[in-house]
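Participant:
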Amino acid sequence: MAVIEQTVVAGVREKLAALPQSESAELNDVDLCSQRGDLRFFLRDYAGAVADYRRMVELDASLDASHWRLGIALFMAGHPEEAAGQFDRYHSFDDVDRENGIWRYLSHCRAFGQERAAKELLRYQKDDRPPFGEVYRMFDGTMSVDQVQQAISPDLPPSAQAPRRFYTDLYVGMYHLVRDQPEPARLALQRAVLNPWGRTAGYGPRYMWQVARVQLQELNEDAAEQPQSPGQE
């Protein structure tokens with residue numbers, strides 16, 4: 189894990205150093221804002237990522253509804269109510285994507301608590317790509333964590349199992365996170381980060397792999413700061 193983290197951070201810092209260091213408001217290129225926002229997010233500069241992503245919308249208002257990265261950055265920056273609003277706008281753009289509904293739920297949990305988040309969970313009528321049907325049922329309470337994990341058929345070829353396991357582990361981790369269960373959250377996110385598929389797949393999965401990575405780092409740091417009991421010394 190340490191080698192992966194060091195390699196990723198070094199690569200991101202190198203790419204970021206090659207970009208303009210101007211304030212977000214001074215940037216006038218959407219692609220540049222997008223690229224720099226991603227790199228800032230990957231370095232856990234969530235406020236910087238939010239600023240660059242918002243600048244994208246200032247430059248091109250048509251990007252607002254579909255800007256899921258802005259929603260995730262707002263969540264990670266500690267602005268869950270604003271994040272929930274962003275995911276609401278995304279739902280008007282795409283009413284099939286349960287992954288958006290998951291992030292809206294996570295944001296509501298952080299902003300308003302689990303009870304209200306459960307009551308306001310979006311309901312979907314159309315099918316979504318696997319494993320999001322099963323994962324969403326974990327969030328609505330109709331499937332357990334174990335059931336969702338066992339829903340990945342061992343008969344599938346490895347190329348089909350890998351993305352299902354990645355997203356399942358990522359969202360099992362986030363499920364535990366908003367329930368204040370840091371250790372099972374950490375273990376699930378660690379599995380997601382160690383899954384090579386997420387790191388090498390297309391843009392969206394790679395971004396979500398980075399989400400798993402930065403959240404895992406925060407949990408690891410929190411765990412390291414906890415005082416040890418005498419038996420752990």
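Reading the sequence shown from the start, the letters are residues 189 to 421 in the numbering used here. Just so it is clear, CB atoms sit at the ideal spot from N, CA and C, and this is done for glycine as well. Since this is a predicted model, take the numbers as computed values, not measurements.
1) Using 10 angstroms around the beta-carbon of M264, count the other beta-carbons present and answer buried if the total reaches 16, otherwise exposed.
2) Less than 6 angstroms between C-beta atoms, sequence neighbours within five positions excluded: which residues of the same chain meet that for L365?
3) Mind checking which residues open and close the alpha helix (DSSP H) that includes K203?
4) Apart from the five residues on each side of it in sequence, which residues of its chain come closer than 7 angstroms, Cβ to Cβ, to S254?
5) According to DSSP, is V284 part of a helix, a strand, or is it coil?
6) Identify, in the order they occur along the chain, each residue of the same chain with its Cβ nearer than 7 angstroms to the Cβ of C297, setting aside the five sequence neighbours on each side.
7) One question on the structure: do M244 and V284 come within less than 7 angstroms of each other, judged by their Cβ atoms?
8) Could you have a look at I340 and say whether DSSP puts it in helix, strand or coil?
9) Tell me which residues share the same chain as P370 and place their Cβ nearer than 6 angstroms to its Cβ, disregarding the 5 neighbours each side in the sequence.
10) Extract the residue ranges of the alpha helix (DSSP H) inside the segment 266-317, only unbroken runs of 4 or more that lie entirely within it.
11) If we count the other Cβ atoms within 10 Å of its Cβ and call it buried at 16 or more, is I260 buried or exposed?
12) Just to confirm, is the Cβ distance from D357 to R387 under 7 angstroms?
13) Identify which residue in A198, P393, L215 has its Cα closest to the Cα of E246.
14) Which ranges does the alpha helix (DSSP H) cover as unbroken runs of at least 4 residues, wholly within the segment 338-404, from first to last along the chain?
15) Classify M189 as buried or exposed, calling it buried when 16 or more other Cβ atoms lie within 10 Å of its own Cβ.
16) State the DSSP-derived secondary structure class of N408, mapped to helix, strand or coil.
17) Along the chain, where does the alpha helix (DSSP H) containing S222 start, and where does it finish?
18) If you follow the alpha helix (DSSP H) that G321 is part of, which residue opens it and which one closes it?
19) When the Cα atoms are used, what is the spatial distance from Q209 to A239?
20) Any idea if P342 is buried or exposed, counting beta-carbon neighbours within 10 angstroms, 16 or more meaning buried?
Facilitator: With the structure as the only source:
1) buried
2) The residues are A373.
3) 190-205 is the extent of the alpha helix (DSSP H) around K203.
4) Taken in chain order, the residues that qualify are Y278, F281.
5) coil
6) A305, V366
7) Cβ distance not < 7 angstroms, so M244 and V284 don't count as in contact.
8) coil
9) L407
10) 268-281, 286-300, 302-307
11) buried
12) no
13) Sorting A198, P393, L215 by C-alpha distance to the C-alpha of E246 places L215 at the top.
14) 346-365, 370-382, 384-388
15) exposed
16) helix
17) It spans 218-230 - the alpha helix (DSSP H) in which S222 sits, taken as one unbroken run.
18) Where G321 is concerned, the enclosing alpha helix (DSSP H) starts and stops at 320-328.
19) 13 angstroms
20) exposed
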